[in-house]
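Asker: One structure coming up, written as structure tokens, with questions to follow.
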Amino acid sequence: MLTKLALISLGGGIGSALRFYVGYGVVSILPSQYLHYSFIATFCINMLACFGIGLCVAMIKGQDSLLFVFLTIGLLGGFSTFSTFSLEVLKLLQNHCVLTAMFYVLLSNICGILCVYLGYVFKG
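The opening residue of the sequence shown carries number 1121 in my numbering; numbering runs sequentially from there.
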């Protein structure tokens, strides 16, 4: 149990650092007129996490294995940003950007499911 907890902690730290750098990278390449669309970075991170978890489920036999726990609960758990996604939707709604919020929720869910599927079948 302690080994799993250590791996989850290590993976979570790595995943959180990756989330910071990927988010920063996405925002840094956005044209300046789109910088207020920082939710694009969260969307990209969430889609990568969805793809990654699909790939892990397809490739790693035994969801109790240390590798699976490290990658899914740890790394991808630290990397994924559902709470940030939820906060961004709330902010869009508070700013009366209802259509943008609806589009973001719909696109994130459809693309998220698609990315999990693509990750799952990617093992080829």
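For every residue, glycine included, the Cβ atom is placed at its ideal position computed from N, Cα and C.
Which one of Ser-1158, Ile-1134 and Thr-1201 has the shortest CA to CA distance from Tyr-1077?
Answerer: This structure leaves residue 1077 out entirely; the chain is present only between 1121 and 1244.
Asker: CA-CA distance, Gly-1073 and Ile-1180?
Answerer: This structure cannot settle anything about residue 1073, because the visible part of the chain is limited to 1121 through 1244.
Asker: Taking only runs that begin and end inside the region 1141-1212, name each unbroken alpha helix (DSSP H) of 4 or more residues, in chain order.
Answerer: 1159-1179
Asker: Is the region 1215-1223 touching the region 1162-1177, taking contact as three or more C-beta pairs under 8 Å?
Answerer: Not touching, per the Cβ criterion.
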